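Below: one structure, written as structure tokens.
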Amino acid sequence: MQDGLIQFFGSLAAIVALVLIARWLRLGGTARIADEAEARELADSAVCGFAPSRIDLDSGGEGALLHDEEGRIMLLAPHGMHFSARLLTGTASADMEGEILVVRSGERWMPPARLRLGEDAGYWSKAIAALD
Amino acid sequence: MPDFDPVAWAVPAFVALVLLEMLWARSRAPAAYEPRDTAVSLAFGLGSTVAGGVAAGAIAAMLVWLHQFRLLDIGWQWWAWLMCFALDDLAYYWFHRLAHRVRWFWASHVNHHSSQHYNLSTALRQSWTGFFAVSFIFRWPLVLIGFEPAMVLFCGGLNLIYQFWIHTEAVRRMPRWFEAVMNTPSHHRVHHATNPRYLDRNYAGTFIVWDRLFGTFEAEREDERPRYGIVRQLGSFNLVWAVFHEWIGIARDLWHAPWRHKASYLLREPGWSHDGSRDTSDMIRARWRARHTLRQHGTRHDLQGQKRGPQPPSPSPAKVPAKPQQP
Numbered sequence: 090m091q092d093g094l095i096q097f098f099g100s101l102a103a104i105v106a107l108v109l110i111a112r113w114l115r116l117g118g119t120a121r122i123a124d125e126a127e128a129r130e131l132a133d134s135a136v137c138g139f140a141p142s143r144i145d146l147d148s149g150g151e152g153a154l155l156h157d158e159e160g161r162i163m164l165l166a167p168h169g170m171h172f173s174a175r176l177l178t179g180t181a182s183a184d185m186e187g188e189i190l191v192v193r194s195g196e197r198w199m200p201p202a203r204l205r206l207g208e209d210a211g212y213w214s215k216a217i218a219a220l221d
Numbered sequence: 055m056p057d058f059d060p061v062a063w064a065v066p067a068f069v070a071l072v073l074l075e076m077l078w079a080r081s082r083a084p085a086a087y088e089p090r091d092t093a094v095s096l097a098f099g100l101g102s103t104v105a106g107g108v109a110a111g112a113i114a115a116m117l118v119w120l121h122q123f124r125l126l127d128i129g130w131q132w133w134a135w136l137m138c139f140a141l142d143d144l145a146y147y148w149f150h151r152l153a154h155r156v157r158w159f160w161a162s163h164v165n166h167h168s169s170q171h172y173n174l175s176t177a178l179r180q181s182w183t184g185f186f187a188v189s190f191i192f193r194w195p196l197v198l199i200g201f202e203p204a205m206v207l208f209c210g211g212l213n214l215i216y217q218f219w220i221h222t223e224a225v226r227r228m229p230r231w232f233e234a235v236m237n238t239p240s241h242h243r244v245h246h247a248t249n250p251r252y253l254d255r256n257y258a259g260t261f262i263v264w265d266r267l268f269g270t271f272e273a274e275r276e277d278e279r280p281r282y283g284i285v286r287q288l289g290s291f292n293l294v295w296a297v298f299h300e301w302i303g304i305a306r307d308l309w310h311a312p313w314r315h316k317a318s319y320l321l322r323e324p325g326w327s328h329d330g331s332r333d334t335s336d337m338i339r340a341r342w343r344a345r346h347t348l349r350q351h352g353t354r355h356d357l358q359g360q361k362r363g364p365q366p367p368s369p370s371p372a373k374v375p376a377k378p379q380q381p
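As you go down the protein sequences, you meet chains C and G in turn.
For the first sequence, the working numbering gives the first residue as 90, with consecutive numbering after it.
For the second sequence, the working numbering gives the first residue as 55, with consecutive numbering after it.
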């Protein structure tokens, strides 16, 4: 029992140390989408064959919204150094907070994406509200 | 039964090697690590050690009980260790293959794949629910053949230790003879990739020969960099969600599915749905292959056209509007 506890707390200390070292070494960072071509590639890798007809990138590249000819809307939301994609459904929502469009996929554990889309935000807000 | 767990003794080496890889990443590939992802992976590792410790007694007792029905008395001869290691690796191949093809087993194994990073900390991203998923039954055939239960567990531990070092992008390729026989970082990168070409390939633990033998081998290509994770990325660093998300998904599907389809949500491949609304890896690959073939065919056709000389202009395709109408 005592050996088990030593092993547990020793491992826990090692985990904390490794995570702190990773931060100290400045590993990771923020993922950014460079341009529409990259957004297109990310969308296709998430849903094979997704061919967007409209793409709007966050002004800092920290996410994107994409529309295809079938009327599907895809959110590319930042997740650490990568992006996670979601085809939005009727459970999704989009609300303006100042100049930021806050898009919630409807999944409880997925943080909302905060996108600076400029004038295009209104289009997406309506499009997401219109989803079934 | 002797009580010795080689994995527990390897933990300090795991920690030291993760640290070394972080130092490599700092100068060569800072994006290889993300502190929150690392924290989740290592917490998975710690939790799986606790879960494994709780279940170890029951698993060992079952193996000892089954051993009384063995076909052969193999004992502790030196060659038995080699055979046991090789056959345990074969058993691992089939466990691992089913862990990707049967949703019940996938619900536990998905934990190991849910990081979008591929580094040594990913190797420690082990399931907490393996015992619940009855993954241990894949070791039963070995004790029923006649291998000693302690030998089987020891070889399983060595197999797990071997698999640690192959979770890295720091090693590109090993010597050709080694790549031919052993599982390597290159082969296992393919296994962790979500590219349609790479999905559900390279199930090997230690020896890649099983994939070559059973037709599931895919070589890593220089022109196709692996993208890691799962088909539907988690999008969250919440540890509890990461551990249980697929089990919760199964429970929801069982609740909502028509009676005649309920068992299929447990036993069929991940992504299967009775109304075809989701994608399995086979469906994704088929769609990708069809498009890939079409592109190749189109390219050949274009090249033939160029060889024939200039062709009359074809009518312009309908222009896709830059932006669709307001909803």
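Glycine residues also receive a C-beta, built at the ideal position from the N, C-alpha and C atoms.
None of the values given here were measured: they were computed from a predicted structure.
>> Below 8 Å on the Cβ atoms is my contact criterion, and I expect G:P203 with G:H121 to pass it. Report the Cβ-Cβ distance as a whole number of Å.
In response: 5 Å
> Which of the residues in the segment 107 to 126 of chain C, read from start to end, lie with their CB under 9 Å from any CB of chain G?
Replying inline: L107, V108, L109, I110, A111, R112, L114, R115, L116, G117, G118 and A120
> Which of the residues in the segment 72 to 87 of chain G, read from start to end, lie with their CB under 8 Å from any CB of chain C?
Replying inline: V72, L73, M76, L77, A79, R80, P84, A85, A86 and Y87
> In terms of residues, what are the limits of the alpha helix (DSSP H) holding G:D142?
Replying inline: W132 to R155
> How about G:L174 and G:H221: do their beta carbons lie closer than 8 Å?
Replying inline: yes
> Quick one: what does DSSP say G:I220 is sitting in, helix, strand or coil?
Replying inline: coil
> Going by other Cβ atoms of all chains shown within 10 Å of its Cβ, with 16 needed for buried, is G:A243 buried or exposed?
Replying inline: First, the amino acid is wrong: residue 243 of chain G is Arg here, not Ala. Buried.
> Using a C-beta to C-beta distance shorter than 8 Å, which residues of chain C count as neighbours of G:L23?
Replying inline: As displayed, chain G neither begins before 55 nor continues past 381, which places residue 23 of chain G out of reach and without an answer.
> Are the C-beta atoms of G:T103 and some chain C residue less than 8 Å apart?
Replying inline: yes
> If you check the beta carbons only, do C:G117 and G:Y282 fall under 8 Å apart?
Replying inline: no
>> Please report the distance separating the alpha-carbon of C:G222 from that of G:V156.
In response: Residue 222 of chain C is absent from the model: chain C starts at 90 and stops at 221.
> Is it a yes or a no for the segment 133 to 141 of chain G touching the segment 182 to 190 of chain G, going by three-plus beta-carbon pairs under 8 Å?
Replying inline: no
> Hey, quick one: how far does the alpha helix (DSSP H) through C:E130 stretch, first residue to last?
Replying inline: E125 to A135
> Looking only at its own chain, which residues have a Cβ that is under 6 Å from the Cβ of G:A376, when we skip the five neighbours before and after it?
Replying inline: In this prediction, G:A376 has a pLDDT of 37, which is less than 50 and means its spatial position is unreliable; what the coordinates show is noted afterwards. Nothing meets the Cβ criterion.
> If G:P280 sits next to G:I338, beta carbons under 8 Å apart, how far is it from one beta carbon to the other, in whole angstroms?
Replying inline: 15 Å between Cβ atoms; not a contact.
> Distance, Cα to Cα, G:R286 vs G:H154?
Replying inline: 14 Å
> In the structure shown, what three-state DSSP assignment does G:E274 receive?
Replying inline: coil
> Starting from C:S142 and walking both ways along the beta strand (DSSP E), at which residues does that stretch end?
Replying inline: P141 to L146
> CB-CB under 6 Å to C:F98, same chain, minus the five flanking residues each way: which ones, in chain order?
Replying inline: none
> So, does the CB of G:R345 fall closer than 8 Å to a CB anywhere in chain C?
Replying inline: yes
>> For a test of the three-state rule: what should DSSP assign to G:V118, helix, strand or coil?
In response: helix
> Okay, do the segment 196 to 214 of chain C and the segment 174 to 183 of chain C touch, 3+ Cβ pairs below 8 Å being the bar?
Replying inline: yes
> Would you report the Cα separation of G:Y146 and C:A102, rounded to the nearest angstrom?
Replying inline: 31 Å
> Where are the beta strand (DSSP E) runs, 3 residues long or more, that stay fully inside the segment 288 to 350 of chain G, in chain order?
Replying inline: none
> Quick one, which of C:W113, C:T119 and C:V136 has its alpha-carbon nearest G:S331's?
Replying inline: C:V136
>> Does C:S173 come out as helix, strand or coil in the three-state DSSP assignment?
In response: strand
> Terminal residues of the continuous beta strand (DSSP E) containing C:V192?
Replying inline: I189 to R193
> In its own chain, which residues sit with a C-beta less than 7 Å from the C-beta of G:R90, not counting the 5 before and 5 after it?
Replying inline: F291
> So G:N165 packs on G:V297, CB below 8 Å; how close in whole Å?
Replying inline: 6 Å
>> For G:H241 and G:A247, I'd like the C-alpha separation in whole angstroms.
In response: 10 Å
> Got a sec: which bits of the segment 130 to 156 of chain C sit with their beta carbon under 7 Å from any beta carbon on chain G, in order along the chain?
Replying inline: S134, C137, G138, S142, R143 and H156
> Can the beta-carbon of C:L111 be found less than 8 Å from the beta-carbon of G:T176?
Replying inline: Correcting the residue type first, residue 111 of chain C is Ala in the shown sequence and not Leu. No, the pair does not count as a contact, with Cβ atoms beyond the cut-off.
> Would a check of beta-carbon distances place C:G93 closer than 8 Å to chain G?
Replying inline: yes
> For a contact meaning CB atoms closer than 9 Å, what does C:S173 contact in chain G?
Replying inline: Q170, G283, R286, Q287, L288, G289 and S290
> Is there at least one Cβ from chain C nearer than 8 Å to G:I262's Cβ?
Replying inline: no
> So, helix, strand or coil for C:E196, using DSSP?
Replying inline: coil
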